[in-house]
Amino acid sequence: MFEVVGLNAGYEFRHKFVHAVRNVSFKVEEQDFFGIAGESGCGKTTLMFASLALLKKPGKVISGRVLLDGTDLLSLRASELKQVRWKKISLVTQSSMNSLNPVMKIKDQMADVLIRNHGFSKKDAYELVKEKLKLVGIAPERMENYPHQLSGGMRQRVVIAMALLLSPRVVFMDEPATALDVVVQRSILQQIEDLREREHFSIVFITHDISLLFELATKIAIMYAGEFVEVGKAKTVYSEPMHPYTKGLIEALPSISRDLDRYKSIPGRPIDLALKIEGCPFRERCSFAFERCRVEKPELRFINGRWVACHLY
Amino acid sequence: MKYILNRLFFFVITLFFALTLNFVIPRLMPGDPAERLLMRFGPNIDDRAIEAMRIALGLDKEKDLFTQYVEYLKNTFTGNFGISYLHYPVPVKQVLASSLPWTLGLVGTSTIISFILGTLLGVYAGWRRDRKIGSGILIFSLCLRSIAYFWLAMLFLYVFGYRLGWFPLANAYSTKENLYGIKFVLSVIYHAVLPSMTLIVASLGNWILTMRNNMISVLAEDYIILAEAKGLDEGYIMLRYAARNAILPSITAFGISLGFVVSGALLTEIVYSYPGVGYQLYRAVLSQDFPLIQAIFFFVSLSVLLANLVMDFLYAFLDPRVRG
């Protein structure tokens, strides 16, 4: 349904190229909840922008395809892309504070895409806005408000309602609850999950909060230095992590039942994506590294029902 | 409504303070205006003449400071600003009436044109910041900002006025013949071209840079990314989402500039011998013409406060967050 094939993207400057997304491929099935986790600077946001055909200068897609129902978004003309956007693929952005235009009423910034791009009359557009607001549990009268009159949680719900306006096939979510406090976060995520089941759309969920994904996602991809190092079912990745990076991340997760002194962090820092990486990008931080990791780059291979890029297997 | 009342209240309070300062400051200065005025007629002045002059100027010592203050307030509001020393015995009111309209017309129009033009260019430069056109506008505005504008005024006057003879060298309208109606208006516009060009060029760079910077910071906001992900047209995103938010800080700066229109554009008025307030104020300061200085200061503070008041209201209209 939605598929990214061999995507390479990054940022081009005069003398160097920051290769932020390295040969990434993944497939999202109908009504999938696909989670992508990685630390800051691992390329996950670049991957999202490239997948949405939104990467702008100095960002650049070098190679790869983004297939939505068989059409490559990256090769569409602007006018064709305009028809696909929001109708088939939409987005929920990170911060609930800045996701809404402060000088437009909720109804107007929700309805503009309907009226301008998808041939809705003003009346029909506002009807749909009301309906979608109800869907996320916001009173329809609120559509007359300006964003600053809503709480952070309500704003994020509005952004979710906006993303669902045209019942898209895929919704990208970039840390949709990070800016909110944990209680509101919880209820928003629960709501997203309920909506996905009811409205039948797929989610590509991007976050640095891996514990969230283990709870919510059906499939999970662990991203390190621009590449996927492990992709598999969320439950099995959590119970039996294979890649040393995934293991490290899971060991670093706080848990109510574990003693505080048993948390482990991963030593070192992520590699500079502007450099040419030889061997395994994780080898310098990896306690299992051996000679082969230095000379040969591990490819993503299908082992025991999941994809993993490590010479240990 | 509460917001409007609040703003009006602050307007009245600040105006009152400005008026009081305007009353106090000249009285703190050393010297006797009556003596100074009569000095111009020679070294031997009769004491009675000085006394008479003091009464004429409203400075007789019989009155205590408070009475003077009350009279000053009354006079200010009835438009009685006294008699100019410099243009003695012409009343200040008349001096201002002959210079204020010229300044308002010239500097006001130039400020508005410059703001609109600069803001539009700034919006485009910000929107296209990574293209050649964007950098082009940026370099252009930096160059404009680096030009000393009195030098530009002289250059324009020399090239277009003197050398090429396309535009007049001085005055606000033709003094060679008596013109009426539309011909007079055309003559005024014709005389205003060079000075207003100078003023526009002098401030255009700033408007462009301010707006460009505002645009760039707004363009990094998530709602711009969402608007793009929605597939909305570029022009619509640029104006409705980006510029609409980016213009808010510029509006404040515009309000302040509009307020200072009344104080004139001193150097431009001098170079083009334009009969505006700036030139008048300059001469008034040189000849210690306190009533005239006081009246000009009054109008400057009044207009700055009025412009701010208007901008506050406009702001409430433009930014729903201010309405509360």
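Residue numbers (the working numbering), protein chains in the order written: chain V, 1 to 313; chain Z, 1 to 324.
Note that beta-carbon positions come from the ideal geometry of N, C-alpha and C, so glycine has one too.
Since we're looking at a predicted model, the values are computed, not measured.
Inset, instruction - May I ask you to list the residues that DSSP assigns as paired with V/T71? - result: Looking at the DSSP assignment, V/T71 forms a beta bridge with V/L68.
Inset, instruction - State the Cα-Cα distance for the pair Z/A229 and V/E197, rounded to the nearest angstrom. - result: Within the model, the alpha-carbon separation for Z/A229 versus V/E197 is close to 24 Å.
Legend entry - DSSP state of Z/I45 mapped onto helix, strand, coil: In this structure, Z/I45 counts as coil in the three-state DSSP scheme.
Inset, instruction - Step through the CB atoms of chain Z and report whether any lies within less than 8 Å of the CB of V/S75. - result: With 8 Å as the cut-off, V/S75 does not count as an interface residue toward chain Z.
Inset, instruction - Would you mind sorting V/K56 into buried or exposed? The rule is 16 or more other CB atoms within 10 Å of its CB. - result: Flag for V/K56 reads exposed.
Legend entry - Environment of Z/I139 [buried if 16+ CB atoms lie within 10 Å]: That one is exposed.
Inset, instruction - Identify the continuous alpha helix (DSSP H) that holds V/W307 and give its terminal residues. - result: Careful: V/W307 lies outside any alpha helix (DSSP H), inside the beta strand (DSSP E) at 306-308.
Legend entry - Nearest to V/A274 (by Cα), restricted to the options V/K105, V/S63, V/G226, V/L74: Nearest option by C-alpha distance: V/G226.
Inset, instruction - Quickly, what does DSSP pair V/G232 with across the bridge? List them, please. - result: Paired residue(s): V/I220.
Legend entry - Own chain residues within Cβ distance below 7 Å of Z/S196, not counting five before or after: So the qualifying residues of the chain are L106, T109, S110.
Legend entry - Length-filtered (4 minimum) alpha helix (DSSP H) runs lying within the segment 167-231 of chain V: DSSP runs (the alpha helix (DSSP H)) wholly in the segment 167-231 of chain V: 182-199, 210-216.
Inset, instruction - Please work out which residues of its chain come closer than 6 Å, Cβ to Cβ, to V/P176, disregarding the five sequence neighbours upstream and downstream, and give them in chain order. - result: Apart from sequence neighbours up to five positions away, the residues of its chain that approach V/P176 with a beta-carbon distance below 6 Å are V92, ordered along the chain.
Legend entry - Proximity test, Cβ basis, 8 Å: Z/L226 and chain V: At least one chain V Cβ lies under 8 Å of Z/L226.
Legend entry - Cβ-Cβ separation, V/I89 to V/L68 (assumed contact under 8 Å), whole Å: In this structure, V/L68 and V/I89 form a Cβ contact; the two beta carbons are roughly 6 Å apart against a cut-off of 8 Å.
Inset, instruction - Under the assumption that V/I192 contacts V/G153 (Cβ atoms under 8 Å), give the Cβ distance between them as a whole number of angstroms. - result: Not confirmed; about 13 Å, so no contact.
Inset, instruction - Please decide whether V/S287 counts as near chain Z, where near means a Cβ-Cβ distance under 8 Å. - result: False, the Cβ-Cβ gap to chain Z never drops below 8 Å.
Inset, instruction - Assign Z/S135 to buried or exposed, taking buried as 16 or more other Cβ atoms, counted over all protein chains shown, within 10 Å of its Cβ. - result: Burial call: exposed.
Inset, instruction - Taking all protein chains shown into account, decide if Z/C143 is buried (16 or more other Cβ within 10 angstroms of its Cβ) or exposed. - result: The residue is exposed, with fewer than 16 neighbouring Cβ atoms inside 10 Å.
Inset, instruction - Say yes only if the C-beta of V/R85 is nearer than 7 Å to one or more non-hydrogen atoms of the ligand FMN, and no if none qualify. - result: Among the components of this structure there are no ligands whatsoever, and the ligand FMN is therefore not found.
Inset, instruction - Determine which residues of the segment 100-127 of chain V have a Cβ less than 7 Å from any Cβ of chain Z, and write them out in chain order. - result: Only those residues of the segment 100-127 of chain V whose C-beta falls short of 7 Å from the nearest C-beta of chain Z are listed: L100, N101, P102, V103, D112, V113, R116, N117.
Inset, instruction - Go to Z/A265, then tell me how far its alpha helix (DSSP H) extends in each direction, as first and last residue. - result: For Z/A265, no alpha helix (DSSP H) encloses it, and the DSSP letter there is neither H nor E.
Legend entry - Inter-stretch contact at 8 Å, needing at least 3 Cβ pairs: the segment 118-128 of chain Z / the segment 189-208 of chain Z: Enough Cβ pairs lie closer than 8 Å, so yes.
Legend entry - Inter-stretch contact (C-beta, 8 Å, three-pair minimum) for the segment 90-107 of chain Z and the segment 286-303 of chain Z: Yes: at least three Cβ pairs fall under 8 Å.
Legend entry - Distance, Z/N75 Cα to Z/L305 Cα: So the two alpha carbons sit approximately 20 Å from each other.
Legend entry - Collapsed DSSP secondary structure at Z/N214 in the structure displayed: Here Z/N214 sits in helix by DSSP.
Inset, instruction - Ignore the nearest five residues each way along the sequence and tell me which others in V/H311's own chain have a CB closer than 8 Å to its CB. - result: Within the same chain, and ignoring the five residues on either side of V/H311 in sequence, the residues whose Cβ sits closer than 8 Å to its Cβ are C280, F290, R292, C293, E296, P298.
Legend entry - Three-way DSSP call (helix, strand, coil) for V/K27 in this model: Three-state result, V/K27: strand.
Inset, instruction - Using a Cβ cut-off of 7 Å, pull out every chain V residue sitting near Z/Y223, in sequence order please. - result: Within chain V, N98, S99, L100, N101 have C-beta atoms less than 7 Å from the C-beta of Z/Y223, given in sequence order.
Legend entry - Whether V/K233 touches V/D32 by CB criterion (8 Å): With respect to the 8 Å criterion, V/K233 and V/D32 are not classified as neighbours on the basis of their beta carbons.
Legend entry - Limits of the unbroken alpha helix (DSSP H) element including Z/L302: It spans 290-318 - the alpha helix (DSSP H) in which Z/L302 sits, taken as one unbroken run.
Inset, instruction - Determine which residues share a DSSP beta bridge with V/Y11 and list them. - result: Answer is V/V18, V/G59.
Legend entry - Amino acids of chain Z, ordered along the chain, whose beta-carbon sits closer than 9 Å to that of V/K57: Those within 9 Å of V/K57 in chain Z are D130, R131.
Legend entry - Whole-angstrom distance between V/S151 and V/P267, CA atom to CA atom: Distance between the alpha carbons of V/P267 and V/S151 is about 39 Å.
Inset, instruction - Report the residue from V/F282, V/S265, V/I206 whose alpha carbon sits nearest the alpha carbon of V/S49. - result: Here residue 49 of chain V turns out to be Phe, not Ser, going by the sequence shown. Comparing C-alpha distances from V/F49 to each of V/F282, V/S265, V/I206 shows the shortest one belongs to V/I206.
Legend entry - chain Z contact for V/S167 (CB, 8 Å cutoff): V/S167 has a beta carbon lying at 8 Å or more from every beta carbon in chain Z.
Inset, instruction - Would you mind telling me which residues of chain Z sit closer than 7 Å to V/K82, beta carbon to beta carbon, in chain order? - result: Near V/K82 (Cβ distances below 7 Å), the residues of chain Z are G231.
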